[in-house]
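Student:
Given below as structure tokens:
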């Protein structure tokens, strides 16, 4: 049985883009053991995939805030001991950053990663025992799958990705949801990626007229304020309570439709097989846009500097809902 340590610590969208690698590995090597190093805030994502044997949480973001604290040093030692407790056949760094390459160096096993041209931080490539040339002008999911294929010696797949998580989502207890609802993912990590509030209101009213309830998640005080503003203007809409990633996955899984910005939750909706419209205003969807599995439907609209209007989005929704 092969034992693989996969390193992809963040962010949410990047983690979702790595899920098809697990499905590929399980297909080519039944019974394979895959451990995944991930930031502690995102452990819910790899836990959704049945091919993950063990999740190894890391807290680099938190540790950086107080690097000299004794608790941090104890946690670092525990993390190092966890990594060293298994002799891996391959240590596969899908992050391509210096921090992820350092993690790879701490583990037992042959270290594989992207070469100088492919790594996001080229210096990271010097930490690997073996380097793979993967073209950068491809979608992130294709690049991830190709890296794993080259490292493990099978033909890089060219089919649509199988995220492997759609059948493993349980029902969400304790939260009553409408029968027909659309999840509107209005928040993003960068202000330049936002869609105007007036656009969300107009689209929400169109959806309400079609009999949909708009559910509005949030993850910060600022996002809650926007969600409340939208709920006050959109009939039948509702601000969701604070939810974990796993709970949000349950909500997304039951949606008739998801409309979202260029954010990790939008990619998660696609991974769950939900009909999804992804809105782009300041990024390029050909490299990191939503990419559905076979039989699923997801559409990217907009581009860097090209903001879609509500009427365009409503027209696309009519083809999906």
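Residue numbers (the working numbering): 1128 to 1448.
Glycine included, each C-beta is placed from N, C-alpha and C at the ideal position.
Keep in mind the model is a prediction, meaning the values are calculated, not measured.
#1: With distance defined between alpha-carbon atoms, name the residue in 1311, 1346, 1321 nearest to residue 1331.
#2: The alpha helix (DSSP H) spanning residue 1351 covers which residue range?
#3: What first and last residue would you give for the beta strand (DSSP E) that runs through residue 1412?
#4: Per the contact definition of three or more C-beta pairs closer than 8 Å, is the region 1252-1272 in contact with the region 1224-1239?
#5: Should residue 1201 be labelled buried (16 or more other beta-carbon atoms within 10 Å of its own) or exposed?
#6: Please report the distance separating the alpha-carbon of residue 1179 from that of residue 1300.
#7: Using DSSP bridges, identify the partner residues of residue 1426.
#8: Between which two residues does the beta strand (DSSP E) harbouring residue 1473 extend?
#9: In angstroms with no decimal places, state the Cα-to-Cα distance between residue 1369 and residue 1282.
#10: Could you check how far apart the C-beta atoms of residue 1390 and residue 1171 are, in whole angstroms? I think they sit under 8 Å.
#11: At which residues does the alpha helix (DSSP H) containing residue 1173 begin and terminate?
#12: Report buried or exposed for residue 1401, applying the criterion of at least 16 other Cβ atoms within 10 angstroms of its Cβ.
#13: On the premise that residue 1296 lies in contact with residue 1399, defined as a C-beta separation below 8 Å, what is that separation, rounded to the nearest angstrom?
#14: Going by Cα to Cα distance, which pick from 1404, 1383, 1157 is closest to residue 1307?
#15: Note down, in chain order, each residue of its chain lying with its Cβ closer than 7 Å to the Cβ of residue 1338, except the 5 sequence neighbours on either side.
Tutor: So, from the data block:
#1: By 1-based counting over the chain shown, the position of residue 1331 is 204. Ranking 1311, 1346, 1321 by Cα distance to residue 1331 puts 1311 first.
#2: To locate residue 1351, count along the chain shown from 1; it is residue 224. Here the alpha helix (DSSP H) through residue 1351 covers 1348-1360.
#3: Along the chain shown, one-based indexing puts residue 1412 at 285. It is not in any beta strand (DSSP E) - residue 1412 instead sits in the alpha helix (DSSP H) that spans 1412-1415.
#4: yes
#5: Counting from 1 along the chain shown, the entry for residue 1201 is found at position 74. Per the 10 Å Cβ criterion, exposed.
#6: The count along the chain shown starts at 1 and reaches residue 1179 at position 52. The count along the chain shown starts at 1 and reaches residue 1300 at position 173. Rounded to whole angstroms, residue 1179 to residue 1300 spans 25 Å at the Cα level.
#7: By one-based count along the chain shown, residue 1426 stands at place 299. Paired residues: 1404.
#8: Outside the displayed range of the chain (1128 to 1448) lies residue 1473, so it cannot be described from this structure.
#9: For the purposes of this step, residue 1369 is taken as the residue at position 242 of the chain shown. For the purposes of this step, residue 1282 is taken as the residue at position 155 of the chain shown. Between residue 1369 and residue 1282, the C-alpha separation is close to 43 Å.
#10: Position 263 of the chain shown, counted from the start, is the residue given in the question as residue 1390. Position 44 of the chain shown, counted from the start, is the residue given in the question as residue 1171. That belief does not hold up - the Cβ atoms of residue 1390 and residue 1171 are roughly 16 Å apart, past 8 Å.
#11: Translated into the one-based positions of the chain shown, residue 1173 becomes position 46. Segment 1171-1174, the alpha helix (DSSP H) holding residue 1173.
#12: Along the chain shown, one-based indexing puts residue 1401 at 274. Buried is the call here.
#13: Residue mapping note: residue 1399 aligns to position 272 of the chain shown, counting from 1. Residue mapping note: residue 1296 aligns to position 169 of the chain shown, counting from 1. Contact holds; Cβ gap of about 7 Å.
#14: Position 180 of the chain shown, counted from the first residue, corresponds to residue 1307. Answer by Cα proximity: 1383.
#15: Along the chain shown, one-based indexing puts residue 1338 at 211. Same-chain partners within the cutoff: 1307.
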